[in-house]
Amino acid sequence: MKKNTKRTLIIAAIIIVIGGVWFITTKKKEKPVVLPTEVPAYGYIAQTVTATGTIQPVDTVAVGTQVSGIVKVINADFNSKVKKGQLLAQLDKSLLQATVDQASATLRTQQSQLVYNQNFYNRQKLLYSSGSISKQDYESALNNFNSSKAAVDNASAALRSAEKNLSYTDIYSPVDGVVLSRSVSLGQTVAAAFSTPTLFVIAKDISKMQVQADVDEADIGNVKIGNRVSFTVDAYIDDVFKGTVYDVRLHPKTTSNVVTYTTIIYAPNDSLMLKPGMTANINVYTKEVKNALMVSSKSLNFAPDSSLKKQFTLKPMPQADGSSAAKGPGKPGSVWLKKGKDLIQTPVRYGLDDNTHAEILSGLSVKDTVVSSLPVPVQAEAGTSILPSPGGADKNKKP
């Protein structure tokens, strides 16, 4: 009997210990949670379209030659600043000078022949008037005279053409600007038989640049002339440059089945930091609001789970809410407000959404407390990961 009593006491003690451990463990697991909330605030929000593009001068001029020849002189190089009318290069003149000399000699010959034929015609005309010669002789003299006048005109035109071609051997800058490229070398032969070869490319004014951006067809409908633009370049990653949309070209570009539209952006370049050919990473501000009432975008997607029912009373809005907050401009949505132990679903209308913040048009005020995400256990303090540090590193220790 004593043995049974002792056994019963031992079993009871074990049960009490197990129950105590279970109770303590359960209590530890049911710690209260922190419900992340936020207060609507006023601030700046924008809708943007991103794209990439290439920086180019606003206006460039290709300088070529209209005659063939050997390059004898080069007076400009890459990055040279040039003035309008400045001699850039010169071709060998010898062959074209010979053509001019030949044309000049031909003209003198034709002019001499014209004088002879004119005098002969004048004599024949007098003789024909007196009846001393036939009409045929008179008309022959007249025809020779007229032919000589035409020959002189042709020789004069040939001389002017030869002189013009000779002048083309001197290549001048047509504008003030900076030489971007030089495509010839001293002693090189350039041929202009079928097309005009380009010798230099000159940018008129590199203090004003343009970005040729390729905007996706899904975004081009939001881009308008006059939109503000900001962009960065890899050469100056900490600098943000500004620009304005100048033109949206209608002609599409298709690359690997992706359709884009070329958008021209004017950008000042007073610092001369921007250089032709740089790649720009662009943000086009299609819509902007400077003083918008905002909440986080994730608060519009928040949905309470069953675990919140242990600490809060959930009050979802009716399926068909007819309140004024659910009507008006913008898109319909809802957020959950925290009022004491109540979580109340509230209809809102929202406008711009940059995937971080959303503009609230109606339904909220700065006095509301909005639930932004699902609860976080108390032990997961703000800014501290609840996961173990890799390799035993101390996450709270600053580098």
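Numbering follows the numbering used here, with no gaps: position 246 of the sequence shown is 231. Virtual Cβ for every residue (Gly too), placed ideally from N, Cα, C.
Under the rule that a run must span 4 or more residues, the alpha helix (DSSP H) segments found entirely inside the region 70 to 129 read 79 to 114. Selection I187, T174, I191 and S241 evaluated against D201 yields S241 as nearest (Cα-Cα).
Per DSSP, the beta-bridge partners of Y157 are L72.
In the DSSP assignment, D327 is bridged to T298 and K324.
Residue burial is scored here from C-beta neighbours: N102 has at least 16 other C-beta atoms within 10 angstroms and is therefore classed as buried. The straight-line gap separating the alpha-carbon atoms of F179 and S53 is approximately 10 Å.
Contact check for N268 against V218 fails: the beta carbons are separated by 8 Å or more. In this structure L299 does not touch I30 by the C-beta definition: roughly 30 Å separates them, more than the 8 Å allowed. Here the C-alpha atom of Q109 lies approximately 25 Å from the C-alpha atom of L92. Here the C-alpha atom of D255 lies approximately 10 Å from the C-alpha atom of M194.
In the DSSP annotation of this structure, Q173 is not part of any beta strand (DSSP E), being labelled neither H nor E. DSSP places S180 in the coil class of the three-state scheme, outside both helix and strand. With fewer than 16 other Cβ atoms from the protein chains shown falling within 10 Å of its own Cβ, N60 counts as exposed.
In the three-state scheme derived from DSSP, where H, G and I count as helix and E and B as strand, N242 is classed as coil. Taking the Cα of P332 as reference, the smallest distance to any Cα among L359, D339, K326 and L322 is reached at L322.
With respect to V169, S65 sits apart: the two C-beta atoms are not nearer than 8 Å. At a Cβ-Cβ threshold of 8 Å, K260 and T247 do not count as neighbours. Excluding the 5 residues flanking it on each side, L359 has same chain C-beta neighbours closer than 7 Å at D290, in chain order. According to DSSP, V58 shares a beta bridge with Q75. Judged by beta-carbon spacing, S357 lies beyond the 8 Å limit of G313, meaning their Cβ atoms are not closer than that value. For D219, DSSP records no beta bridge to any residue.
Check the Cα spacing between M279 and each of M302, K324, T341 and Y221: the tightest is with T341. Restricting attention to A252, D161, P303 and G211, the CA atom closest to the CA of Q71 is found in D161.
Under the three-state reduction of DSSP, D44 is assigned to coil, being neither helix nor strand. Here D353 is buried: its Cβ has 16 or more other Cβ atoms, across all protein chains shown, within 10 Å. Between I156 and G49, the alpha-carbon positions lie close to 8 Å from each other. One Cα belongs to V58, the other to S192, and the distance between them is close to 30 Å.
Per DSSP, the beta bridge partners of Y251 are Q195 and T229.
When the Cα atoms are used, K120 and L127 turn out to be separated by approximately 11 Å. Less than 8 Å divides the Cβ of T271 from the Cβ of Q32. Contact annotation, S281 with E23: C-beta distance approximately 6 Å; criterion of less than 8 Å satisfied. Nearest C-alpha to G262 among K295, T37, A136 and D62: T37. Here V56 is not near V244, since their CB atoms are 8 Å or more apart. Cβ contact annotation for D199 (same chain, cutoff 8 Å, sequence separation greater than five): A36, T37, G38, K238, T245, Y246, T247 and T248, in chain order. When the beta-carbon positions are compared, A143 and A88 come within less than 8 Å of each other.
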